[in-house]
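One structure is given below, encoded as structure tokens.
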Amino acid sequence: MSRLLSRRSALVVGAGGLVAACDRVAQLPAAQTLLGGAEDAHRTLQRTITARDALAVEYRPEQRSPIFRANGTNNPNTADYNAHAANRFADWRVVVDGLVARPLSLRLDQIRSMPSRQQITRHDCVEGWSAIGKWTGPRLSRLLELAGLLAEARYLVFHCADAIGGRPYYESIDLIDAFHPQTILAWALNDRLLGVPNGAPLRLRVERQLGYKHAKYVQRIEAVASLGGIAGGKGGFWEDVAGYDWYAGI
Amino acid sequence: MTTRSIHRHALATRLWHWVNAVAVIILIGSGLMILNAHPRLYWGRYGANFDHAWLTFDRFPGWVTIPQTYNLALARNWHLSFALVLGFGLLAYMIASLLNRHFQRDLRIRKDELSRRHVVADIRAHLAFRFHDPEAPGDYNVLQKLSYVLVIFGLLPLVIATGIAMSPGLNAAFPWVLEILGGRQSARSIHFLAASGITLFVIVHLVLVILAGALNEVRSMITGRWRVPE
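So the sequence lines, in the order shown, correspond to chains R and G.
Just so you know, my numbering puts 18 at position 18 of the first sequence, and the rest follows in order with no gaps.
Start counting at 1 in the second sequence, then tack on 250, and there's your number in my numbering.
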């Protein structure tokens, strides 16, 4: 029996040891490259087997979540933002600049009067929960056409009015997602003007990726050739701060 | 005492067994860490804090999670890396095992093996720690065949399909996967249940390997040679 026990413990220690060893392995530079490579592998695989314009699933009105959970910043709560909120965002402007032929500075009423898309889609948080809601707003591609994206532009960076721990929130997407039909700048959720917890007055919807890509409180859209020079250089707040993958399609 | 040994496991089986063993353990550990980020499970298309959860957990302790302290980004890196190993490994193993006839020869369940008498006799034999038919010691018994078939053709494909169904990118490519599974939160729940089934299999498998003679069994999965018990 003692032989049996020792063999059993050897196997259990083997399995348990693997779990513990993973933390040591994860500190090796080579392992970090390999593990981080999964993001590229999944992006390449997904982009290979998915049509560029393949649409995220859209739902019927009765399939929406009763309450749409808000996450991340619930209120930017800066003096500037609070003044805008008190004024119902009448003077809020969205700047489109960087690698564009005609930089734009659009008022919210101009955005709201543009042809808009309505879509009932599912919002998947990286943590695991999902909420379904109806979003209204112009396609991002419309703004990019107005601004005249230059040929060198590869990414769009969304600068937000909120900051977490003193670091401004930002996110970025590439041109495949920027010109996707369901990528919109939403100003309404479930037929009401966007509330502060959900990103008032404007948030990005990039429906084939996880929630942290959907920048809230958008005040500037910058077209760039590379993400390297912006903030931590990884293309987004959570990417810089916590090591989340830039491509969040899985 | 004479000892006789036979060639029991094909190279493809042995390779896949160990690659898959590492992948499954890493996927279970990192999966539990990912579940720690939102330890609530729902049925249907949506599900968040205001919605009804059918199962909730406190946090899983550090000794079962990868990494051991809370880190969702790193857990996802482990999980998504080894998900590829699991998926493509299973595919390669299935193709190899059709070509080398491992599936047809060793896992095919004959009709008479499913008769009540045969199954009951096999359960009795297991309870008496007799795992091998003296007439054909190299053959899998029916409980063994059933559990391997369930894992290889049931639980592993299911855990992969439900994993794919949780990807918003792949949902756009294959919306029907989501429909079959009843929505993303159902897929997430089924993913957890299938992974639990695989975990249970691993535990029972390890216990039986020990009871059947750990040294001989492990060696046979490394070299392929298995000593026939007297």
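Every residue gets a Cβ at the ideal spot worked out from N, C-alpha and C, and that includes glycine.
Would you please verify whether the beta carbon of residue i is less than 7 angstroms from any beta carbon of chain R?
i	result
PHE338 of chain G	no
TYR320 of chain G	no
LEU228 of chain G	Only positions 251 to 480 of chain G appear in this structure, which leaves residue 228 of chain G out of reach.
GLY463 of chain G	no
HIS267 of chain G	no
MET251 of chain G	With a pLDDT of only 47 at MET251 of chain G, under 50, the local geometry of the prediction cannot be trusted, and the value read off the model is given with reservation. Taking Cβ atoms only, chain R never reaches closer than 7 angstroms to MET251 of chain G, which makes this a no.
PRO317 of chain G	yes
HIS288 of chain G	yes
ALA342 of chain G	no
ASN421 of chain G	yes
ILE373 of chain G	no
ILE440 of chain G	no
GLY388 of chain G	no
How about residue i and residue j: are their beta carbons less than 7 angstroms apart?
i	j	result
PHE310 of chain G	ASN286 of chain G	yes
VAL269 of chain G	GLY312 of chain G	no
ALA215 of chain R	LEU204 of chain R	yes
ALA273 of chain G	PHE353 of chain G	no
ALA79 of chain R	PRO197 of chain R	no
ARG477 of chain G	ASN466 of chain G	yes
VAL96 of chain R	ALA147 of chain R	yes
ARG92 of chain R	LEU104 of chain R	The identity of residue 92 of chain R in the sequence shown is Trp, whereas the question assumes Arg. No.
SER417 of chain G	ILE250 of chain R	yes
MET283 of chain G	ALA325 of chain G	yes
SER130 of chain R	ARG122 of chain R	yes
ARG290 of chain G	SER470 of chain G	no
ILE176 of chain R	ARG52 of chain R	yes
ILE276 of chain G	THR449 of chain G	no
ALA178 of chain R	LEU143 of chain R	no
ARG154 of chain R	ALA225 of chain R	yes
Within 10 angstroms of the Cβ of residue i, are there 16 or more other Cβ atoms? Answer buried if so, exposed if not.
i	result
TYR212 of chain R	buried
ASP362 of chain G	exposed
ALA90 of chain R	exposed
LEU420 of chain G	buried
GLY236 of chain R	buried
MET1 of chain R	In this prediction, MET1 of chain R has a pLDDT of 42, which is less than 50 and means its spatial position is unreliable; nothing more can be read from the coordinates.
TYR320 of chain G	exposed
THR50 of chain R	buried
THR253 of chain G	exposed
GLN182 of chain R	buried
ALA56 of chain R	buried
PRO384 of chain G	exposed
PHE381 of chain G	buried
VAL454 of chain G	exposed
GLY199 of chain R	buried
ARG367 of chain G	exposed
HIS329 of chain G	buried
GLY166 of chain R	exposed
ASP40 of chain R	exposed
ARG295 of chain G	buried
LEU76 of chain R	According to the sequence provided, residue 76 of chain R is Pro. The question's Leu does not apply to it. Under this definition PRO76 of chain R is a buried residue.
ARG351 of chain G	exposed
GLY297 of chain G	buried
ASP389 of chain G	exposed
MET251 of chain G	Because MET251 of chain G carries a pLDDT of 47, less than 50, the predicted location of this residue cannot be relied on, and no value is offered for it.
Cβ of residue i less than 7 angstroms from any chain G Cβ?
i	result
ILE164 of chain R	no
ASP40 of chain R	no
MET1 of chain R	Because the pLDDT at MET1 of chain R is just 42, under 50, the model does not fix this residue reliably, and the point stays unresolved.
VAL241 of chain R	no
ALA56 of chain R	yes
TYR244 of chain R	yes
GLY249 of chain R	yes
ARG316 of chain R	As displayed, chain R neither begins before 1 nor continues past 250, which places residue 316 of chain R out of reach and without an answer.
SER65 of chain R	yes
ARG208 of chain R	yes
THR50 of chain R	yes
May I ask you to check if the CB of residue i is nearer than 6 angstroms to at least one heavy atom of the ligand NAP?
i	result
LEU458 of chain G	Summarising the ligand content, the structure contains no ligands, and the ligand NAP is consequently not present.
For the stretch 404-418 of chain G, which residues have a beta carbon sitting closer than 7 angstroms to at least one beta carbon of chain R? SER417 and PRO418
Take every Cβ of the stretch 24-42 of chain R, pair it with every Cβ of the stretch 153-165 of chain R, and state whether three or more of those distances are shorter than 8 angstroms. no
Mind listing which residues of the stretch 110-132 of chain R have their C-beta closer than 8 angstroms to chain G's C-betas, in chain order? ARG122, ASP124, CYS125, VAL126, GLU127, GLY128, TRP129, SER130, ALA131 and ILE132
Determine contact between the stretch 226-235 of chain R and the stretch 442-459 of chain G, defined as no fewer than three beta-carbon pairs at a distance below 8 angstroms. no
Report the residues of the stretch 323-336 of chain G with a CB closer than 9 angstroms to any CB of chain R, ordered along the chain. ALA323, LEU324, ARG326, ASN327, TRP328, HIS329, LEU330, SER331, PHE332, ALA333 and LEU334
Determine contact between the stretch 298-307 of chain G and the stretch 61-73 of chain R, defined as no fewer than three beta-carbon pairs at a distance below 8 angstroms. yes
Using 8 angstroms as the cut-off, can you tell me whether the stretch 134-143 of chain R makes contact with the stretch 189-198 of chain R, which would need three or more C-beta pairs spanning the two stretches below that distance? yes
Contact set between the stretch 293-304 of chain G and chain R, restricted to residues whose Cβ is under 8 angstroms from the partner: ARG295, TYR296, GLY297, ALA298, ASN299, PHE300 and ASP301
Going along the chain, which residues of the stretch 17-35 of chain R sit with their C-beta nearer than 9 angstroms to a C-beta in chain G? LEU18, VAL19, ALA20, CYS22, ASP23, ALA26, GLN32, LEU34 and LEU35
Given 8 angstroms as the limit, is there contact between the stretch 252-269 of chain G and the stretch 341-348 of chain G, that is, 3 or more CB pairs closer than that? yes
Per the contact definition of three or more C-beta pairs closer than 8 angstroms, is the stretch 384-394 of chain G in contact with the stretch 83-100 of chain R? no
Which residues, in order along the stretch 171-194 of chain R, keep a beta-carbon less than 8 angstroms from a beta-carbon of chain G? none
Taking beta-carbon pairs under 9 angstroms, can you tell me which members of the stretch 211-238 of chain R lie near chain G? TRP238
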